[in-house]
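These notes are about the structure you will find just below.
Protein chains in written order, with the numbering used here: chain Y, 1 to 592; chain B, 593 to 821.
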């Protein structure tokens, strides 16, 4: 089964390419010579997998043992990795010399499901909230909300990203995030292993295809590291930074099939330090410094007496069936670490004296931004978590690597609730601004992107200043435009999903799952479609709206940002980070 | 359907119909009841078993629909529910919300909101298996309600609601005192693969969700009554 996968063939080809370049530094397309690994053959070996960084060593026999040779082979030998390494060098060879190692810190923001239409709609919605009104008779060109900028709209460099997974035209968050943090695309539903893995087959995730991540390399290099998300921290996007799993669903031990030897994702958050030390002898790492998000259930035992928030009589908050309380274990590992489960504890964290923070604020995902005030214990916002993380991580003079996810944009879209998705996108833009404010553009590369898009459309020839969540009103009119069926329609709509539902002022996007699935058109003449609880119409009835496969945007500022341009494979993002921090080389040096 | 039931109670009063039984029941041993529900123009009959694990956790066995639900009371009006699809051995968790039981936890736990009970007219009492049956009737004529309620075990014995020629009836067919059915149910659903409702969109690999079977379940529940939330 495994050897029949085309992906396996890809790897064989990649190995063949690398093998060829090791010998002769040449390829059959004229550019492959820059794609190989001559850097590992001589003194320049600690420069990482760069083929054109000076003379290659003669034979490599006396070369120092480097991280890139022993622990990164599965990354650097992969065809996707090789291809984009070479492509970047062909496109940006002059820039690369200046870029390499120019950043002290990197912050990678990922808006889960934040496709281009979501960015555009959120930009307009944010403009409306700011009061950017439009009047045909009075306004000048840039007055309307359409001219608004989200924080990252003002970044000097931008491009597009191809998001497909190795086995899926329309991807998921697991495979896409794996691409971003390892330089290697992989199958849908998996991370930490290359595309030879078979989802759900525990025997296929092995040392032979395991991948190292940017976060692990940053840890090895002595940087401080952090992962922040509004989803569960064991969810695909944040988890891909620190865990390896043949299935994204293995969030705690009760999710792992009997007989599967794989460690669950929550447990891997704690074992990262030990695992990397074992895999990379000489590595002096101290574990992830800041972890914030939701997902308490995966860290607590299935024992109601250990609940944090849930009343004991209502049952156990935790899902773990192995009796482990990972919060207790984390505290034992990091005696000076701080654990926070609510806003009050979060606010009390002293960022100057705290070296380790684990803030897990919800049993499952954190609340939607629109619904955050309804949380039982109180939750910080994404921008507040981002600021807190930076204030802790920047205490390390060597720098830091921080990955921030807005995880609930995706969920609101799945529920067919554009208002919720836009609100979480706007909050992520605030988080990006917080990062801009707390760092220097001189030493911090900030990248903003999405893992994939959704089937949200912005349609109809709607006039300037029309509410983005409203019914389509055309230029010269004050009444909603009727479609050929005589009924009005909204500017925003979904191609598929649960379809229309009017929940009025409801701020929980997931309340839409209680509505019957309604495909196609509904007469919305008397409905306020700008209300938070309005769920847009959809053509194709599905139990949940889906991801989409078109490119997503990528935006960057700071040292190394100039690499972000044109249309890129998603795995190129790993290289952006590697070049900016000189990450592999720093990691190499740290273990020698 | 439960929401409808409760709202009807709130609007009107009740008629009581009580069954007599010579076998006495110790109310402290009662963990739930089995109900036969008849509704709709076709007078379709469904079965519901309500089981109480704790004062904040109740199990609904909806055998007609092949579904099981576990409701959990988080307090502050927030109720969580996990909906299990028994034929597929899968579950979907819904996070705590005030929308799941908008008329309060009592509507799920004892099938009668305490606040509403006082608005019904008490018309008499009788005995059922040595338990007191309080009989209520509605104050209004449309819809007409009759309720017989077992105060000591906090369960309805019978309910009849008539409106516009449609009759809804709930009838207690058995008081459950054997906890084995509760234990077996909890063990059974613990083995199911359960998803967070917010994560359904990320499970394209799950045929159950992808091909619309879940959707069909939802339609079924809405079409034939049941327990909306």
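For every residue, glycine included, the Cβ atom is placed at its ideal position computed from N, Cα and C.
Problem - Rounded C-alpha distance that separates residue 8 (chain Y) from residue 165 (chain Y) - result: At residue 8 (chain Y) the pLDDT is 30, less than 50, meaning the model places this residue with poor confidence and gives no usable figure here.
Practice task
Compare the Cα-Cα distances from residue 647 (chain B) to each of B:640, B:655 and B:698 and report the closest residue.
Solution key: B:698
Practice task
Under 8 Å between beta-carbons, which chain Y residues line up against residue 665 (chain B)? List them in chain order, please.
Solution key: By Cβ distance, chain Y contributes 311, 313 and 314.
Practice task
Output, in sequence order along the chain, the residues in the stretch 341-366 of chain Y whose CB is closer than 9 Å to any CB in chain B.
Solution key: 362, 363, 364 and 365
Handout entry: Pair within 8 Å by beta-carbon distance, residue 258 (chain Y) and residue 220 (chain Y)
Key = no
Exercise for the section: For residue 676 (chain B), I'd like the list of residues in its chain whose CB is within less than 6 Å of its CB, leaving aside the five on either flank, ordered along the chain. Expected result: Its chain contains 660, 683, 781 and 784 as the residues whose beta carbon lies nearer than 6 Å to that of residue 676 (chain B), once the 5 sequence neighbours on both sides are disregarded; these appear in chain order.
Exercise for the section: Grab me the residues of residue 198 (chain Y)'s own chain with a C-beta within less than 6 Å of its C-beta, minus the 5 sequence neighbours each way, in chain order. Expected result: 204
Exercise for the section: Identify the contact partners of residue 511 (chain Y) in chain B, using a Cβ-Cβ distance below 8 Å as the criterion. Expected result: 689 and 691
Practice task
Determine the DSSP secondary structure at residue 749 (chain B), reduced to helix, strand or coil.
Solution key: strand
Handout entry: chain Y contacts made by the stretch 614-644 of chain B, where a contact means CB separation under 8 Å
Key = Closer than 8 Å at the C-beta level to chain Y, one finds no residue of the stretch 614-644 of chain B.
Handout entry: Expected contact under 8 Å - CB spacing of residue 540 (chain Y) and residue 495 (chain Y) to nearest Å
Key = 6 Å
Practice task
Could you name the residues of chain B that residue 508 (chain Y) contacts, counting a contact when the two beta carbons are closer than 7 Å?
Solution key: The contacting residues are 689.
Practice task
Could you check if residue 35 (chain Y) is buried or exposed, using at least 16 other CB atoms within 10 Å of its CB as the buried criterion?
Solution key: Low local confidence applies: a pLDDT of 30 at residue 35 (chain Y) is under 50, so the model's placement there is unreliable, with the coordinate-based value given in what follows. It counts as buried.
Handout entry: Backbone secondary structure at residue 621 (chain B) - three-state DSSP
Key = If DSSP states are grouped into helix, strand and coil, residue 621 (chain B) belongs with the helices.
Exercise for the section: Consider the Cβ of residue 726 (chain B): report whether some Cβ of chain Y lies at a distance smaller than 8 Å. Expected result: no
Exercise for the section: Please look up how many angstroms separate the CB atoms of residue 626 (chain B) and residue 768 (chain B), rounded, as I've assumed it's under 8 Å. Expected result: 7 Å
Practice task
Specify whether the stretch 530-539 of chain Y and the stretch 139-148 of chain Y touch according to this definition: at least 3 beta carbon pairs, one from each stretch, less than 8 Å apart.
Solution key: no
Exercise for the section: Could you tell me whether the Cβ atoms of residue 263 (chain Y) and residue 246 (chain Y) are closer together than 8 Å? Expected result: no
Problem - Neighbour list for residue 390 (chain Y) in chain B, Cβ cutoff strictly below 7 Å - result: Per Cβ cutoff of 7 Å: no residues; residue 390 (chain Y) is ~27 Å from chain B at best.
Problem - Listed by chain order, chain Y residues near residue 646 (chain B) by CB distance under 7 Å - result: 313
Handout entry: Under the three-state DSSP convention, the category residue 406 (chain Y) falls into
Key = strand
Problem - chain B within 8 Å of residue 540 (chain Y), Cβ atoms only - result: So no, residue 540 (chain Y) is outside the interface.
Practice task
Work out the CA separation of residue 134 (chain Y) and residue 465 (chain Y) for me, nearest whole Å.
Solution key: 5 Å
Handout entry: Between the CA atoms of residue 772 (chain B) and residue 645 (chain B) - distance to the nearest angstrom
Key = 11 Å
Problem - In chain order, each alpha helix (DSSP H) run of at least 4 residues that lies wholly inside the stretch 256-313 of chain Y - result: 265-279
Exercise for the section: Could you check how far apart the C-beta atoms of residue 183 (chain Y) and residue 81 (chain Y) are, in whole angstroms? I think they sit under 8 Å. Expected result: 4 Å
Exercise for the section: Could you tell me whether the Cβ of residue 60 (chain Y) comes closer than 8 Å to any Cβ of chain B? Expected result: Residue placement at residue 60 (chain Y) is flagged as unreliable, the pLDDT there being 36, under the threshold of 50; the coordinate-derived value follows with that caveat. Interface residue (Cβ-Cβ distance to chain B less than 8 Å): residue 60 (chain Y) is not classified as such.
Practice task
From the DSSP output, in three-state form, read off residue 170 (chain Y) for me.
Solution key: Secondary structure of residue 170 (chain Y) (DSSP, three-state): coil.
Handout entry: Listed by chain order, chain Y residues near residue 661 (chain B) by CB distance under 8 Å
Key = Chain order gives no chain Y residues near residue 661 (chain B), where near means a beta carbon separation below 8 Å; the closest approach is about 13 Å.
Problem - Min CB distance residue 318 (chain Y) to chain B below 8 Å - result: no
Handout entry: Every unbroken beta strand (DSSP E) within the stretch 674-710 of chain B, with a cutoff of 3 residues, ordered by chain
Key = 682-689
Problem - For residue 334 (chain Y) and residue 230 (chain Y), the rounded distance between their alpha carbons - result: 24 Å
Practice task
Show which residues of chain B have a CB atom less than 7 Å away from the CB atom of residue 263 (chain Y).
Solution key: The premise fails here: residue 263 (chain Y) is roughly 19 Å from chain B at the closest Cβ pair, so nothing lies under 7 Å.
Exercise for the section: Return the residue from the list Y:159, Y:152 and Y:114 that minimises the CA-CA distance to residue 554 (chain Y). Expected result: Y:159
Exercise for the section: Please state whether DSSP places residue 501 (chain Y) in a helix, a strand or coil. Expected result: strand
Handout entry: Interface flag, residue 760 (chain B) vs chain Y, CB-CB below 8 Å
Key = no
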